[in-house]
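Numbering (the working numbering), first residue to last: 152 to 400.
Have a look at the structure below, then the notes.
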Ligand code: SF4
Ligand code: SF4
């Protein structure tokens, strides 16, 4: 029997699920290997009671999300977290700073705090349950997603790179943004994206999360030597990494 796969979205813009639909060349190959029993973006049905692999996109922002995730963990043999929202909290996690209810008040005005009923400070999927595989990025990289899904279907380990992006960037013979006096977060950001943004002339924004092997002290020292204040580095890093260790200086 083909593995039963479900795709679930929590708090997100569904951008990673949309990216999955863009794997046109390979999607049919993949669909031939799996029983795609539920895809939130494309299904009108309900999440089935049983499945083998759960792909989860989005951040956790409600108690209902927490309960749903715990059920997912009990049900699925393998859980794949996809996208920055699910792995670092991503952009939704920016709202976790300060009083959550105050933020609803800013948007909805007086009494707006009541809208926050049942809401919790945004956090990643990985803060609620153990996941077996991660596909970082905002949005996910389709090649990496297919590689990780393939490994999950074969029961192989799910290691992702933990080195910063700079080595991959150098192999593309890019001129470093810092040599031009511009801030680039590639020096602390997890590699694995093929250095696409920097090769296209856009500084890295850190969407793949802070690499475990990153030397944050050295990064802050380097930027200070280039006249870039630590506050600016932290502010940029906070876009996708508000809750990450090292983003609190
Ligand atoms: S990681 Fe980015 S593209 Fe994916 S759901 Fe979150 S905001 Fe959207
Ligand atoms: S800091 Fe950015 S531009 Fe410089 S080498 Fe690293 S990834 Fe490339």
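Where is the CB? At the ideal position from N, CA and C, for every residue including glycine.
message: Going residue by residue through the stretch 217-271, where are the continuous beta strand (DSSP E) segments of at least 3 residues, counting only ones entirely within it?
response: For the stretch 217-271, whole beta strand (DSSP E) runs of length 3 or above, ordered along the chain, are 229-233.
query: Based on Cα-Cα distance, which residue from 297, 326 and 313 lies nearest to residue 350?
result: That would be 326, whose Cα lies nearest to the Cα of residue 350.
- request: Report all residues from its chain with a CB closer than 8 Å to the CB of residue 152; omit the five preceding and five following residues, and keep chain order.
  value: Excluding its 5 nearest sequence neighbours in each direction, residue 152 has C-beta neighbours in its own chain below 8 Å: 186, listed in chain order.
- prompt: When we look at the beta-carbon of residue 168 and count the other beta-carbons within 10 Å, is it buried (16 or more) or exposed?
  reply: Note on residue 168: 16 or more other CB atoms within 10 angstroms of its CB, so buried under the neighbour-count rule.
- prompt: Is it a yes or a no for the stretch 326-338 touching the stretch 354-363, going by three-plus beta-carbon pairs under 8 Å?
  reply: The answer is yes - the stretch 354-363 touches the stretch 326-338, with three or more Cβ pairs under 8 Å.
- request: Determine the direct distance from the alpha carbon of residue 191 to that of residue 116, and round the result to whole angstroms.
  value: Within the shown structure, residues of the chain are numbered from 152 to 400, placing residue 116 beyond reach of any answer.
message: So for residue 359, helix, strand or coil by DSSP?
response: In this structure, residue 359 counts as coil in the three-state DSSP scheme.
- prompt: Using DSSP with H/G/I as helix, E/B as strand and the rest coil, what is residue 186?
  reply: Residue 186 falls in the strand class under three-state DSSP.
- prompt: Looking at the structure shown, is residue 369 part of a helix, part of a strand, or coil, going by DSSP?
  reply: DSSP places residue 369 in helix when its eight states are reduced to three.
query: How many Å lie between residue 243 and residue 210 at the Cα?
result: C-alpha separation (whole angstroms): 7 Å.
- prompt: Are the CB atoms of residue 276 and residue 205 nearer to each other than 7 Å?
  reply: Not in contact: residue 276 and residue 205 (Cβ atoms no closer than 7 Å).
query: By how many angstroms is the C-alpha of residue 161 removed from the C-alpha of residue 247?
result: The alpha-carbon atoms of residue 247 and residue 161 are separated by roughly 16 Å.
query: Can we count residue 328 as close to ligand 2, meaning its CB is less than 6 Å from some heavy atom?
result: Yes, Cβ of residue 328 sits closer than 6 Å to a heavy atom of ligand 2.
message: Using only the alpha-carbon positions, how far apart do residue 182 and residue 258 sit?
response: Rounded to the nearest angstrom, the two C-alpha atoms are 42 Å apart.
- request: State buried or exposed for residue 222, treating a residue as buried only when at least 16 other CB atoms are found within 10 Å of its CB.
  value: Flag for residue 222 reads exposed.
message: On the criterion of 16 or more Cβ atoms from any shown chain inside 10 Å, does residue 173 qualify as buried, or is it exposed?
response: Counting Cβ neighbours within 10 Å, residue 173 comes out exposed, since fewer than 16 surround it.
message: Quick check on residue 172: does DSSP put it in helix, strand or coil?
response: In the structure shown, residue 172 sits in a helix (DSSP, three-state: H, G or I).
message: Given the structure, does residue 397 come close to ligand 2, in the sense that its CB is under 6 Å from one of the ligand's heavy atoms?
response: Relative to ligand 2, the beta carbon of residue 397 is positioned no closer than 6 Å to any heavy atom.
message: So the candidates are 297, 249, 165 and 216; which of them puts its Cα closest to the Cα of residue 193?
response: Measuring from the Cα of residue 193, the nearest candidate turns out to be 165.
message: Measuring only from the beta carbon, is residue 258 closer than 6 Å to any heavy atom that is part of ligand 2?
response: For residue 258, the shortest C-beta to heavy atom distance toward ligand 2 is 6 Å or greater.
- request: Would you decide whether residue 216 is buried or exposed? Buried here means 16 or more other CB atoms lie within 10 Å of its CB.
  value: With 16 or more other Cβ atoms inside 10 Å of its own Cβ, residue 216 counts as buried.
- prompt: Nearest to residue 253 by alpha carbon, out of 272, 233, 379 and 178?
  reply: For the residues 272, 233, 379 and 178, the minimum Cα distance to residue 253 belongs to 272.
field: CB-CB length for residue 224 against residue 230, believed under 8 Å
entry: Confirmed, about 6 Å.
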